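Student: Sharing a structure here in structure tokens format.
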Amino acid sequence: MPENRTELVVENAADPLLLLARLAGSGLFDDYVAYERPDAWTFAGGTLGEVILDSDTIRAQWPDAAATTQPWTGRPADALRAAFADAPLPAWNAYGWVAFEFAAARPTGRLAHLIVPRTEVSIRSGRAHITGIDPAEVEQVAKLLAKTDSPEPGEPTPVDVRTGDAPYKARVAQAVAEITAGDYQKVIVSRRLDITFPVDVISTYVQGRRANTPARSFLLDLAGFQATGFSPEVLASVENNTVHTQPLAGTRSFGHGDEADAATRHELETDPKEIFEHAVSVRTSQDELNAVCDPGSVRVTGFMTVKERGSVQHLGSSVMGTLSEDRSAWDALAVLFPGVTASGIPKPEAIEAIARLEERRGLYAGAVVTLSHTGTLDSALVLRALYNQDGQAWLRAGAGIVSGSTPEREYEETCEKLSSIAPHVVPLA
Numbered sequence: 037m038p039e040n041r042t043e044l045v046v047e048n049a050a051d052p053l054l055l056l057a058r059l060a061g062s063g064l065f066d067d068y069v070a071y072e073r074p075d076a077w078t079f080a081g082g083t084l085g086e087v088i089l090d091s092d093t094i095r096a097q098w099p100d101a102a103a104t105t106q107p108w109t110g111r112p113a114d115a116l117r118a119a120f121a122d123a124p125l126p127a128w129n130a131y132g133w134v135a136f137e138f139a140a141a142r143p144t145g146r147l148a149h150l151i152v153p154r155t156e157v158s159i160r161s162g163r164a165h166i167t168g169i170d171p172a173e174v175e176q177v178a179k180l181l182a183k184t185d186s187p188e189p190g191e192p193t194p195v196d197v198r199t200g201d202a203p204y205k206a207r208v209a210q211a212v213a214e215i216t217a218g219d220y221q222k223v224i225v226s227r228r229l230d231i232t233f234p235v236d237v238i239s240t241y242v243q244g245r246r247a248n249t250p251a252r253s254f255l256l257d258l259a260g261f262q263a264t265g266f267s268p269e270v271l272a273s274v275e276n277n278t279v280h281t282q283p284l285a286g287t288r289s290f291g292h293g294d295e296a297d298a299a300t301r302h303e304l305e306t307d308p309k310e311i312f313e314h315a316v317s318v319r320t321s322q323d324e325l326n327a328v329c330d331p332g333s334v335r336v337t338g339f340m341t342v343k344e345r346g347s348v349q350h351l352g353s354s355v356m357g358t359l360s361e362d363r364s365a366w367d368a369l370a371v372l373f374p375g376v377t378a379s380g381i382p383k384p385e386a387i388e389a390i391a392r393l394e395e396r397r398g399l400y401a402g403a404v405v406t407l408s409h410t411g412t413l414d415s416a417l418v419l420r421a422l423y424n425q426d427g428q429a430w431l432r433a434g435a436g437i438v439s440g441s442t443p444e445r446e447y448e449e450t451c452e453k454l455s456s457i458a459p460h461v462v463p464l465a
């Protein structure tokens, strides 16, 4: 960031969820990313610097310099690393998204969009810390955060998730046949659900977050593409040279009363198909971290712990290791991306199968990412999300297909996952 930054603190900050929604809807920022971690809520507004990665070119724009667009080859993570290494800033934090196709052998379309913001807000324990390059903008943000009124979001119009079952079940059956033939072990097959009315994405963020218990939540608007979601798992986190990922695989419904939830939890913990699906995902995450971590440092904690995530419950484990000296956060992201629980095993074959079985995913099963010049990184696997572009909003959910899968059960699983957000979609007034 430029050295002449302005900093302000607002004490006794209100509900951070409503504060981030207020900033997003203030009109102060054309582009923004709001991101929730367990220890802080962050808002990144306005564009000081920007990096956009497409399938064949990378565009970088930095302060006091003309934008550059040039071709790239090799790994997309290395192209992003090089772009940020050239940033003419003494320090920076970046926020944005990475598409699922970032990992494709022959990627298409937009692969990543990251900004270094003009203004950042971090809310911790009721205190909002504002940092920015424009003193007037920082002052405006402080005034917004100090307001005591908190208008409620609009009322949701639930979206029917039980549509399009026949085409989805046919694709699941095709995937099972390919698995039986030995083409791959597991693949996540997803379906898109278009919403028939214009959506108030900011109000949907508030309503959806109140109903969910995510590992991370986000709200973003970059170049007119909007998304909000309640991520069930951390894809990659790098801090103090420790790399952490949290694969969730194995799913049952949740939120139907104590007795019903206990029954489905027992079913989840004892179902051989769900246990196998989870175990192979954890094994893959270990193998991936072994490629970038010190030998012998990779470990699993909380193996097969049940995680409650809104309308569903999952089997979850944490896998972590010590990042090797010759590796960076970009390497950790590259090796873990896309999440094994949203792609399949082996990943290359699963990604190729997804390209055959589905239309382009875009941000679905990609990641919302925050990173810093210090080498820290945090990324949320994008699931349980709503997407909005050019007046069309949609949802998307998938299920992990293995040899024991049935089309009926996997379709039901997509309905359970879509129900994390479908009841909370707010129409545009």
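Using the numbering used here, the letters of the sequence shown map in sequence onto residues 37 to 465.
Glycine is no exception: its CB is placed at the ideal position from the N, C-alpha and C atoms.
Quick caveat: nothing in here was measured; it's all calculated off a predicted structure.
#1: Between Phe312 and Ile437, what straight-line distance do the alpha-carbon atoms span, to the nearest angstrom?
#2: Can you grab the Cα-Cα spacing for the pair Val46 / Arg58, in whole Å?
#3: What does DSSP give as the partner residues of His350 in its beta bridges?
#4: Decide if the segment 294-313 is in contact with the segment 259-272; the criterion is three or more beta carbon pairs, one per stretch, under 8 Å apart.
#5: Let me confirm a value: Asn40 is counted as buried when at least 16 other C-beta atoms fall within 10 Å, else exposed. Which label applies?
#6: By the three-class DSSP mapping on this structure, what secondary structure does Gly244 have?
#7: Tell me whether Asp297 sits in a helix, a strand or coil according to DSSP, three-state version.
#8: Look at the alpha carbon of Pro283 and the alpha carbon of Ala172, and state the distance between them as a whole number of angstroms.
#9: Assuming the contact rule is C-beta atoms closer than 8 Å, His460 and Thr240 should be a hit. Round their C-beta distance to whole Å, please.
#10: Measure how close the beta-carbons of Pro187 and Gln243 come, nearest whole angstrom, since I'm counting them as under 8 Å.
#11: If I follow the unbroken alpha helix (DSSP H) through Lys317, where does it start and stop?
#12: I'd like the list of long-range same chain contacts for Ser408, defined as Cβ closer than 6 Å, with 5 residues on each side in sequence excluded.
#13: Go ahead and label Arg146 buried or exposed: buried means 16 or more other beta carbons lie within 10 angstroms of its beta carbon, across all protein chains shown.
#14: Going by other Cβ atoms of all chains shown within 10 Å of its Cβ, with 16 needed for buried, is Arg392 buried or exposed?
#15: Give the DSSP-derived three-state secondary structure of Leu256 in the structure shown.
#16: Hey, how far is the Cα of Val328 from the Cα of Gly293?
#17: Nearest by alpha-carbon distance to Met356: which of Thr264, Thr377, Pro331 is it?
#18: Alpha carbons only, please: which of Gly380, Ile224, Ser321 is nearest the one belonging to Ser354?
#19: What would DSSP say about Asp420, mapped onto helix, strand or coil?
#20: I'd like to know if the segment 341-354 and the segment 122-140 are in contact, where contact means that at least 3 CB-CB pairs between them fall below 8 Å.
#21: Between Glu452 and Ala435, what straight-line distance do the alpha-carbon atoms span, to the nearest angstrom?
#22: Where does the unbroken beta strand (DSSP E) through Thr281 begin, and where does it stop?
#23: Would you say the segment 82-96 touches the segment 136-155, given that touching needs at least three Cβ pairs under 8 Å?
#24: For the candidate residues Gly218, Arg319, Val69, whose alpha-carbon lies nearest to that of Val376?
Tutor: In short:
#1: For the purposes of this step, residue 312 is taken as residue 276 along the sequence shown, with counting starting at 1. For the purposes of this step, residue 437 is taken as residue 401 along the sequence shown, with counting starting at 1. Spanning the alpha carbons of Phe312 and Ile437 requires a straight line of approximately 11 Å.
#2: For this step, residue 46 is matched to residue 10 along the sequence shown. For this step, residue 58 is matched to residue 22 along the sequence shown. For Val46 and Arg58, the distance between alpha carbons rounds to 15 Å.
#3: In the sequence shown, residue 350 corresponds to position 314, counting from 1. For His350, which the question treats as bridged, DSSP gives the partners Thr287, Lys343.
#4: Taking a cut-off of 8 Å on C-beta distances, the segment 294-313 does not touch the segment 259-272, as fewer than three cross pairs fall below it.
#5: Translated into positions along the sequence shown, residue 40 becomes position 4. Note on Asn40: under 16 other CB atoms within 10 angstroms of its CB, so exposed under the neighbour-count rule.
#6: As a working mapping, residue 244 is identified with position 208 in the sequence shown. If DSSP states are grouped into helix, strand and coil, Gly244 belongs with the helices.
#7: Position 261 of the sequence shown holds residue 297. In the displayed model, Asp297 falls within a helix according to three-state DSSP.
#8: Residue mapping note: residue 283 aligns to position 247 of the sequence shown, counting from 1. Residue mapping note: residue 172 aligns to position 136 of the sequence shown, counting from 1. Their Cα atoms are separated by approximately 43 Å.
#9: For the purposes of this step, residue 460 is taken as residue 424 along the sequence shown, with counting starting at 1. For the purposes of this step, residue 240 is taken as residue 204 along the sequence shown, with counting starting at 1. Contact flag correct, Cβ pair sits at about 6 Å.
#10: One-based indexing of the sequence shown puts residue 187 at position 151. One-based indexing of the sequence shown puts residue 243 at position 207. About 13 Å separates the CB atoms of Pro187 and Gln243; that is not less than 8 Å, and the two are not in contact.
#11: Here residue 317 is taken as the residue at index 281 of the sequence shown, counted from 1. Residue 317 is actually Ser in this sequence, not Lys. Its alpha helix (DSSP H) spans residues 308-326.
#12: What you label residue 408 is simply residue 372 of the sequence shown in a count that begins at 1. So the list reads Asn129, once near-sequence residues are dropped.
#13: The residue you call residue 146 lines up with position 110 of the sequence shown. With 16 or more other Cβ atoms within 10 Å, it is buried.
#14: Taking the sequence shown and counting its residues from 1, one reaches residue 392 at position 356. Arg392 should be labelled exposed.
#15: Looking up residue 256 in the sequence shown gives position 220. In the three-state DSSP reduction, Leu256 falls in the strand class (E or B).
#16: Against the sequence shown, residue 328 aligns to sequence position 292. Against the sequence shown, residue 293 aligns to sequence position 257. Whole-angstrom Cα-Cα distance: 43 Å.
#17: As a position in the sequence shown, residue 356 is number 320, starting the count at 1. Closest by alpha carbon: Pro331.
#18: Position 318 of the sequence shown, counting from 1, holds the residue named residue 354. If we check each option's Cα against that of Ser354, Ser321 comes out closest.
#19: As a position in the sequence shown, residue 420 is number 384, starting the count at 1. Position check: residue 420 holds Arg in this sequence, whereas Asp was assumed. Three-state result, Arg420: coil.
#20: These segments do not touch.
#21: Position 416 of the sequence shown holds residue 452. Position 399 of the sequence shown holds residue 435. Answer to the nearest angstrom: the Cα atoms are 10 Å apart.
#22: Taking the first residue of the sequence shown as position 1, residue 281 is located at position 245. Start and end: 278-281.
#23: Contact holds between the segment 82-96 and the segment 136-155, because three or more Cβ pairs, one in each stretch, are under 8 Å apart.
#24: Walking along the sequence shown from the start, residue 376 turns up at place 340. For the residues Gly218, Arg319, Val69, the minimum Cα distance to Val376 belongs to Arg319.
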